[in-house]
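This report refers to the structure that appears directly beneath it.
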Amino acid sequence: MNDLAPARQAVALTGAGISIDSGIPPFRGKGGLWERFDPMEIAHIDSFMRNPAMVWKVLVKDLKDIIDRARPNDGHKGLARLEQLGILKSVITQNIDGLHQMAGNTDVIEFHGTFAWQRCIQCERRIETSWVDASELPPRCTCGGILRPDAVFFGEMIPPAALWRSQEMASHCDVMLVVGTSAVVQPAASMPIIARQSGAVVIEINPEPTPLTGVISSYLIRGKAGDVMNRIVSALEIKR
Ligand code: NAD
Ligand code: ZN
1 MNDLAPARQA VALTGAGISI DSGIPPFRGK GGLWERFDPM EIAHIDSFMR NPAMVWKVLV
61 KDLKDIIDRA RPNDGHKGLA RLEQLGILKS VITQNIDGLH QMAGNTDVIE FHGTFAWQRC
121 IQCERRIETS WVDASELPPR CTCGGILRPD AVFFGEMIPP AALWRSQEMA SHCDVMLVVG
181 TSAVVQPAAS MPIIARQSGA VVIEINPEPT PLTGVISSYL IRGKAGDVMN RIVSALEIKR
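Under our numbering, the letters of the sequence shown match residues 1 to 240, in that order.
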């Protein structure tokens with residue numbers, strides 16, 4: 001808390017772990033999608049291009065139903081509160097679930113794009129996922145082209161604007177909170193390295209250590225994102 005109380009330019013980097021308590025399964029760890037499928041295989045752009053109907057069936061359709069039902073948990077709400085308190089500037093998220101925006105954070109960089117929109121691979125038209133008729137797979141655009149999530153598949157580039165802004169935020173933050181990410185997916189995992197090199201304090205919130213722990217992060221607060229954020233927010237509110 002001593003590091004966060006005076007911070008005015010804090011940035012959070014979040015991953016699938018923060019959304020687990022909202023009912024969205026992660027890729028790695030217990031209950032993760034890893035256990036059923038190899039995400040590098042199923043969520044790879046080559047798989048999608050080879051067999052879009054199969055990827056829609058096993059990845060997109062299920063995820064669409066889960067994300068439609070998901071609501072922010074105390075982890076997301078805590079980060080929104082840190083923004084209200086004037087401590088947190090931005091959230092860089094690897095998640096595609098839109099829960100940070102729903103919780104109230106106003107500057108969210110969607111590093112891996114979003115699931116809220118689909119995009120035609122032929123004419124690039126975007127359509128809101130809630131409007132997509134998924135009764136026949138893969139769903140198609142009015143032009144006949146296949147619709148794909150407006151998210152980044154493995155094997156694809158990070159949207160340049162998101163990458164550039166994230167690097168910018170990472171190099172100017174005073175504290176970086178790394179919440180619920182296994183920090184193995186690049187280049188997202190290099191944002192804490194940039195932050196550390198630029199003089200920021202890097203704090204991890206995760207039930208498990210990651211490759212950053214003790215090397216890049218100054219310390220790890222072990223626990224679930226929601227529980228830890230509740231403790232942090234209460235302590236900061238008492239200090240004010
Ligand atoms: P990951 O699945 O690799 O790792 C999840 C991390 O969260 C682990 O380190 C785990 O120890 C931790 N964790 C587990 N429970 C937690 C809790 N309650 N609170 C805090 N942390 C907890 O996730 P990743 O690093 O984000 O990489 C996976 C990639 O898959 C991302 O790039 C993301 O784009 C995508 N993905 C997104 C979603 C989503 O949008 N919610 C879900 C699955 C995968
Ligand atoms: Zn089209």
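For glycine and all other residues, C-beta sits at the position ideal for the given N, C-alpha and C.
Is any non-hydrogen atom of the ligand NAD found closer than 7 angstroms to the C-beta of residue i, if you look at the structure I gave you?
i, result
"residue 68", "no"
"residue 47", "no"
"residue 61", "no"
"residue 180", "yes"
"residue 107", "no"
"residue 224", "yes"
"residue 129", "no"
"residue 184", "yes"
"residue 188", "yes"
"residue 101", "no"
"residue 97", "yes"
"residue 37", "no"
Say yes only if the C-beta of residue i is nearer than 7 angstroms to one or more non-hydrogen atoms of the ligand ZN, and no if none qualify.
i, result
"residue 148", "no"
Pick out whichever of the options has its Cα sitting closest to the Cα of residue i.
i, options, result
"residue 46", "203, 238, 153", "153"
"residue 289", "67, 107, 58", "No information on residue 289 is available, as it lies outside the stretch 1 to 240 that the chain covers here."
"residue 134", "22, 143, 147, 210", "147"
"residue 167", "55, 79, 180, 192", "192"
"residue 80", "221, 11, 171, 182", "11"
"residue 89", "186, 138, 113, 4", "4"
"residue 91", "221, 105, 78", "105"
"residue 124", "138, 112, 142, 137", "142"
"residue 95", "119, 121, 63", "63"
"residue 200", "223, 99, 171, 23", "171"
Per DSSP, which one or two residues make a beta bridge with residue i?
i, result
"residue 10", "88"
"residue 113", "151"
"residue 108", "91"
"residue 41", "Its beta-bridge partners do not exist; DSSP assigns none."
"residue 202", "176"
"residue 119", "126, 148"
"residue 221", "205"
Please tell me whether residue i has its Cβ less than 8 angstroms away from any Cβ of chain C.
i, result
"residue 53", "You won't find chain C in this structure, because it holds only one protein chain."
Worksheet entry | Closer than 6 angstroms to the ligand ZN: residues, by C-beta to nearest heavy atom, in chain order | 120, 122, 123, 125, 141, 143, 145
Worksheet item: Can you list the beta strand (DSSP E) stretches of 3 or more residues lying completely in the stretch 123–194, in chain order?
Response: 126–128, 147–151, 175–179
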